[in-house]
Every structure is written in C-alpha cells, then in structure tokens.
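Data first, discussion second: the structure below is written as structure tokens.
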Amino acid sequence: MHVGKNGLTEGVINEIKHQLKKKNIIKVRMLKSFIKNSEMNRKELAKFVAKAVNAELVEVRGYTIILRKKDGNGI
Numbered sequence: 021m022h023v024g025k026n027g028l029t030e031g032v033i034n035e036i037k038h039q040l041k042k043k044n045i046i047k048v049r050m051l052k053s054f055i056k057n058s059e060m061n062r063k064e065l066a067k068f069v070a071k072a073v074n075a076e077l078v079e080v081r082g083y084t085i086i087l088r089k090k091d092g093n094g095i
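The opening position of the sequence shown corresponds to residue 21 in our numbering, with each subsequent residue numbered one higher.
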C-alpha cells in the first residue's frame, strides 16, 4: 500500500482495512511529499493510521509503517 500526495482518503483507509482482512500483517509506504504536507511527523501518522484501521502498529521504518491485524482478544 502507498499513501500518496492526496493523503489518507477514505478510499485509502478502506483499502488498508481490506488488505488487513486478507493478510495478518501489511506494510504501508508513505510518500515524502505526503509527510511534508502533513502537520504530524512519521510516528504520529503511523499511530493515526493504526487507530483509524483498528490495527496494531508493529514498527515504523523510514517512510514505511508495518501494521498487524488485531485479533478478537484485542491484540
């Protein structure tokens, strides 16, 4: 998944949710232009995305965030 200059649209959030349903863990790459135009830094954006899609934030590596699907036990 890529988050581009248009940012976190509803379509991007829905696609991340869809990918998490299919796979247990996914990588989401954020373009530099998106981060520069955002009011948040990379880690804040990663936490925001994880919360928006109800996933666990595993790691932030550069401009890539790694998300894991939460199971029924809240993890």
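Ideal Cβ placement from N, Cα and C applies to all residues, glycine included.
Note that this is a predicted model, so its numbers are computed, not measured.
Please list the terminal residues of the continuous alpha helix (DSSP H) segment that includes residue i.
i: LYS42; result: 30-42
i: VAL69; result: 62-72
Where residue i and residue j are concerned, what is the direct C-alpha to C-alpha distance, given to the nearest angstrom?
i: ASN26; j: ARG49; result: 13 Å
i: LEU77; j: LEU51; result: 18 Å
i: MET60; j: VAL80; result: 14 Å
i: LYS37; j: PHE68; result: 14 Å
i: THR29; j: LYS90; result: 22 Å
i: LYS56; j: ALA72; result: 20 Å
i: VAL16; j: LEU65; result: Shown here, the chain extends from 21 to 95; a query on residue 16 therefore has no answer.
In the DSSP assignment, find the unbroken beta strand (DSSP E) run with residue i in it and report its ends.
i: LYS89; result: 84-89
Residue i bridges to which residues according to DSSP?
i: ILE45; result: ARG88
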